[in-house]
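The next block holds one structure in the form of structure tokens; read it before the comments.
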């Protein structure tokens, strides 16, 4: 795509100076990048799907250019979202690059019964923050290991956490940290639900039974 094609694809203000960047364009670009990262897509992937150049997409994400209707629709299709979801019309949005609102948390799929995991970290974050709920009797099906590191803080209830064959009984206020390469598992053997803030260095898509 030529430079003329890029300018035709974008708003006439495509070549404006950084000092002319508007807050609205920055927020739209940030939201677009958050949606892309949430889907684990690269700039090239989305640009090819939308039929625009990588440079043009990068400028939009950085808030250096404004979205035009002719670009809005193919970008929405590339991200499999409704076109209006790319626009910022004031107020909080479902997806943001840096913040996650309490009412907009997404659940991470798990294989074991009695466990629910809400994603606390925004798209593209280096760390994966989770709020893990474990019902009485719930827990991982078996011990396992993976790459990375993890940290957790028990907020309510209690949990039996096994790390490298050592069993720890943790209650509200207790915390832990260990290398994920050590085999680990957890189970709520109490009578009350357990809630844990769990931070991991793996991606949300790699989080399943254990955090």
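Residue numbers (the numbering used here): 527 to 737.
From the three backbone atoms N, C-alpha and C, an ideal C-beta is built for every residue, glycine too.
Small disclaimer: the values here were computed from a predicted structure and weren't measured.
Residue i vs residue j beta-carbon contact at 8 angstroms
i           : j           : result
residue 583 : residue 573 : yes
residue 657 : residue 723 : yes
residue 711 : residue 688 : yes
residue 666 : residue 713 : yes
residue 642 : residue 670 : no
residue 623 : residue 612 : no
residue 685 : residue 696 : yes
residue 563 : residue 607 : no
residue 678 : residue 728 : no
Residues near residue i in its chain [Cβ-Cβ closer than 8 angstroms; skip 5 each side]
i           : result
residue 719 : 659, 660, 661, 662, 682 and 683
The beta strand (DSSP E) enclosing residue i, as first and last residue numbers
i           : result
residue 703 : 701-705
residue 713 : 710-713
residue 642 : 641-645
residue 624 : Taken as a continuous stretch (DSSP letters only), residue 624 belongs to no beta strand (DSSP E), as it is neither H nor E.
Helix, strand or coil at residue i according to DSSP, with G and I counted as helix
i           : result
residue 580 : helix
residue 617 : With a pLDDT of only 46 at residue 617, under the threshold of 50, the placement of this residue in the model should not be trusted, and no figure is reported.
residue 688 : strand
residue 726 : strand
residue 611 : helix
residue 499 : Here the chain has residues from 527 to 737 only, and residue 499 is not among them.
residue 721 : strand
residue 666 : coil
First and last residue of the uninterrupted alpha helix (DSSP H) at residue i
i           : result
residue 563 : 549-564
Cβ neighbours of residue i in the same chain (closer than 6 angstroms, five flanking residues each side left out)
i           : result
residue 589 : 547, 551, 552 and 555
message = Does the structure place the stretch 685-703 close enough to the stretch 637-656 that three or more beta carbon pairs sit under 8 angstroms?
response = no
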